[in-house]
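In what follows, a single structure is set out as C-alpha coordinates and then discussed.
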Amino acid sequence: GIYKNGRVEIIANEQGNRITPSYVAFSSESGERLIGDAAKNQLTTNPKNTVFDAKRLIGRGFNDTTVKKDMEHWPFEVLDNNNKPMVRVSIGDAKKTFAPEEISAMVLTKMKEIAEAYIGKKVEHAVITVPAYFTDAQRQATKDAGTIAGLNVVRIINEPTAAAIAYGLDKKEG
(Lines of atoms letter the chains of each structure in order from A and count residues from 1; the text may use other names and numbers.)
(Lines give C-alpha, C1' and ligand atoms only; values in the text may rest on other atoms or scores of the structure.)
Protein backbone atom coordinates (compact mmCIF):
# COMPACT_ATOMS: atom_id res chain seq x y z
CA GLY A 1 0.00 0.00 0.00
CA ILE A 2 0.97 3.64 -0.21
CA TYR A 3 0.30 6.66 1.95
CA LYS A 4 -1.43 9.19 -0.30
CA ASN A 5 -3.64 12.21 0.35
CA GLY A 6 -3.66 11.63 4.10
CA ARG A 7 -4.66 7.98 3.97
CA VAL A 8 -3.26 4.52 3.35
CA GLU A 9 -4.30 3.12 -0.01
CA ILE A 10 -3.94 -0.62 -0.63
CA ILE A 11 -2.81 -1.33 -4.19
CA ALA A 12 -4.35 -4.24 -6.09
CA ASN A 13 -2.03 -6.72 -7.81
CA GLU A 14 -2.28 -7.88 -11.45
CA GLN A 15 -5.18 -10.18 -10.55
CA GLY A 16 -7.05 -7.29 -8.95
CA ASN A 17 -6.52 -8.67 -5.44
CA ARG A 18 -5.58 -6.41 -2.55
CA ILE A 19 -3.75 -9.27 -0.84
CA THR A 20 -0.85 -11.05 -2.54
CA PRO A 21 0.09 -14.45 -1.08
CA SER A 22 3.75 -14.81 -0.10
CA TYR A 23 4.41 -17.72 -2.45
CA VAL A 24 7.36 -18.15 -4.81
CA ALA A 25 7.46 -20.98 -7.33
CA PHE A 26 10.11 -22.08 -9.79
CA SER A 27 9.27 -23.95 -12.97
CA SER A 28 11.08 -27.27 -12.72
CA GLU A 29 11.99 -27.08 -16.42
CA SER A 30 12.78 -23.45 -17.31
CA GLY A 31 13.37 -22.05 -13.83
CA GLU A 32 10.81 -19.32 -14.54
CA ARG A 33 9.88 -17.63 -11.27
CA LEU A 34 6.24 -17.10 -10.33
CA ILE A 35 5.26 -14.92 -7.38
CA GLY A 36 2.03 -14.43 -5.49
CA ASP A 37 -1.25 -15.77 -6.88
CA ALA A 38 0.43 -17.38 -9.90
CA ALA A 39 2.77 -19.34 -7.62
CA LYS A 40 0.02 -20.37 -5.21
CA ASN A 41 -2.24 -21.49 -8.07
CA GLN A 42 0.26 -24.11 -9.26
CA LEU A 43 1.15 -25.45 -5.80
CA THR A 44 -0.64 -28.76 -6.42
CA THR A 45 1.16 -29.39 -9.73
CA ASN A 46 4.63 -28.25 -8.57
CA PRO A 47 4.72 -28.63 -4.76
CA LYS A 48 8.45 -29.28 -4.29
CA ASN A 49 9.34 -26.06 -6.13
CA THR A 50 6.71 -23.84 -4.52
CA VAL A 51 7.97 -22.05 -1.43
CA PHE A 52 5.64 -20.45 1.12
CA ASP A 53 5.81 -19.65 4.83
CA ALA A 54 9.27 -18.05 4.44
CA LYS A 55 8.10 -15.82 7.30
CA ARG A 56 8.17 -18.94 9.50
CA LEU A 57 11.83 -19.57 8.58
CA ILE A 58 13.21 -16.04 8.46
CA GLY A 59 15.53 -15.16 11.34
CA ARG A 60 15.27 -18.61 12.93
CA GLY A 61 17.85 -21.36 13.31
CA PHE A 62 17.51 -24.68 11.49
CA ASN A 63 17.35 -26.46 14.85
CA ASP A 64 14.53 -24.22 16.14
CA THR A 65 11.64 -26.45 17.27
CA THR A 66 9.16 -24.36 15.24
CA VAL A 67 11.22 -24.89 12.07
CA LYS A 68 11.48 -28.64 12.72
CA LYS A 69 7.72 -28.91 13.30
CA ASP A 70 6.87 -26.82 10.22
CA MET A 71 9.20 -28.86 8.00
CA GLU A 72 6.97 -31.89 8.54
CA HIS A 73 4.18 -30.10 6.63
CA TRP A 74 6.07 -28.41 3.81
CA PRO A 75 6.39 -30.06 0.40
CA PHE A 76 9.60 -28.13 -0.36
CA GLU A 77 13.04 -29.09 0.90
CA VAL A 78 14.73 -27.23 3.78
CA LEU A 79 18.44 -27.81 4.38
CA ASP A 80 20.76 -26.97 7.26
CA ASN A 81 23.58 -24.53 6.47
CA ASN A 82 25.41 -23.93 9.78
CA ASN A 83 22.06 -23.85 11.62
CA LYS A 84 20.56 -21.50 9.02
CA PRO A 85 17.56 -22.97 7.21
CA MET A 86 17.90 -22.85 3.43
CA VAL A 87 15.25 -23.74 0.86
CA ARG A 88 16.26 -25.98 -2.04
CA VAL A 89 14.38 -26.27 -5.33
CA SER A 90 15.04 -28.18 -8.56
CA ILE A 91 15.43 -26.38 -11.85
CA GLY A 92 16.01 -28.85 -14.66
CA ASP A 93 18.86 -31.08 -13.50
CA ALA A 94 20.22 -28.41 -11.15
CA LYS A 95 19.41 -27.75 -7.51
CA LYS A 96 19.25 -24.14 -6.34
CA THR A 97 19.38 -23.04 -2.71
CA PHE A 98 17.90 -19.84 -1.25
CA ALA A 99 17.95 -18.21 2.17
CA PRO A 100 14.54 -17.27 3.61
CA GLU A 101 15.56 -13.61 3.21
CA GLU A 102 16.05 -14.17 -0.52
CA ILE A 103 12.58 -15.74 -0.87
CA SER A 104 11.03 -12.84 1.06
CA ALA A 105 13.01 -10.39 -1.09
CA MET A 106 11.47 -11.93 -4.22
CA VAL A 107 7.98 -11.23 -2.83
CA LEU A 108 8.99 -7.71 -1.75
CA THR A 109 10.48 -7.03 -5.19
CA LYS A 110 7.14 -8.03 -6.73
CA MET A 111 5.29 -5.69 -4.34
CA LYS A 112 7.74 -2.92 -5.22
CA GLU A 113 7.09 -3.45 -8.96
CA ILE A 114 3.31 -3.39 -8.44
CA ALA A 115 3.57 -0.14 -6.44
CA GLU A 116 5.87 1.45 -9.03
CA ALA A 117 3.47 0.58 -11.85
CA TYR A 118 0.60 2.07 -9.85
CA ILE A 119 2.24 5.36 -8.84
CA GLY A 120 4.33 5.74 -11.98
CA LYS A 121 7.63 6.34 -10.22
CA LYS A 122 10.41 4.47 -8.47
CA VAL A 123 9.78 3.17 -4.95
CA GLU A 124 12.87 3.50 -2.78
CA HIS A 125 11.63 3.54 0.82
CA ALA A 126 9.34 1.14 2.63
CA VAL A 127 7.75 0.42 5.97
CA ILE A 128 7.38 -3.35 6.39
CA THR A 129 4.97 -4.97 8.82
CA VAL A 130 5.77 -8.12 10.79
CA PRO A 131 3.82 -10.20 13.31
CA ALA A 132 3.96 -8.76 16.84
CA TYR A 133 5.68 -11.94 18.11
CA PHE A 134 8.71 -11.52 15.80
CA THR A 135 12.06 -11.54 17.61
CA ASP A 136 14.81 -8.99 16.96
CA ALA A 137 16.57 -11.56 14.73
CA GLN A 138 13.40 -12.05 12.67
CA ARG A 139 12.92 -8.28 12.37
CA GLN A 140 16.52 -7.82 11.23
CA ALA A 141 16.22 -10.66 8.72
CA THR A 142 13.04 -9.04 7.35
CA LYS A 143 14.88 -5.73 7.05
CA ASP A 144 17.68 -7.58 5.21
CA ALA A 145 15.08 -9.00 2.79
CA GLY A 146 13.93 -5.45 2.08
CA THR A 147 17.51 -4.38 1.38
CA ILE A 148 17.99 -7.34 -0.99
CA ALA A 149 14.81 -6.17 -2.76
CA GLY A 150 16.40 -2.75 -3.29
CA LEU A 151 14.41 -0.96 -0.61
CA ASN A 152 15.52 1.40 2.12
CA VAL A 153 13.52 -0.06 5.00
CA VAL A 154 12.59 3.03 7.01
CA ARG A 155 10.89 1.05 9.74
CA ILE A 156 9.72 -2.42 10.72
CA ILE A 157 6.40 -2.22 12.58
CA ASN A 158 4.06 -4.74 14.16
CA GLU A 159 1.03 -5.70 12.06
CA PRO A 160 -1.46 -4.75 14.83
CA THR A 161 0.26 -1.36 15.15
CA ALA A 162 -0.03 -0.80 11.40
CA ALA A 163 -3.73 -1.64 11.52
CA ALA A 164 -4.25 0.79 14.41
CA ILE A 165 -2.35 3.56 12.59
CA ALA A 166 -4.36 3.01 9.40
CA TYR A 167 -7.60 3.02 11.43
CA GLY A 168 -6.56 6.25 13.16
CA LEU A 169 -5.67 7.90 9.86
CA ASP A 170 -9.06 6.95 8.42
CA LYS A 171 -10.86 8.30 11.51
CA LYS A 172 -9.17 11.70 11.03
CA GLU A 173 -10.65 11.89 7.54
CA GLY A 174 -14.20 11.54 8.63
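If you want the working numbering, it's the 1-based position in the sequence shown plus 44. Don't be surprised by glycine CBs; every beta carbon is placed ideally from N, CA and C. Predicted, not measured: the structure shown is a model, and the values here were computed from it.
- Here the C-alpha atom of F106 lies approximately 41 Å from the C-alpha atom of G164.
- Between the C-alpha atoms of E121 and N57 there is a straight-line separation of about 28 Å.
- In the DSSP assignment, T89 falls outside any beta strand (DSSP E) and carries neither an H nor an E.
- Here K112 is exposed, its C-beta having fewer than 16 other C-beta atoms within 10 Å.
- Assignment of S148 by DSSP, reduced to helix, strand and coil, places it in the helix class.
- Residue burial annotation: R62 is exposed, with fewer than 16 other C-beta atoms found within 10 angstroms of its C-beta.
- Separation of Q182 and I102 (C-alpha to C-alpha, rounded to the nearest whole angstrom) is 6 Å.
- In its chain, beyond the 5 residues on either side, I192 have a beta carbon closer than 7 Å to the beta carbon of E146.
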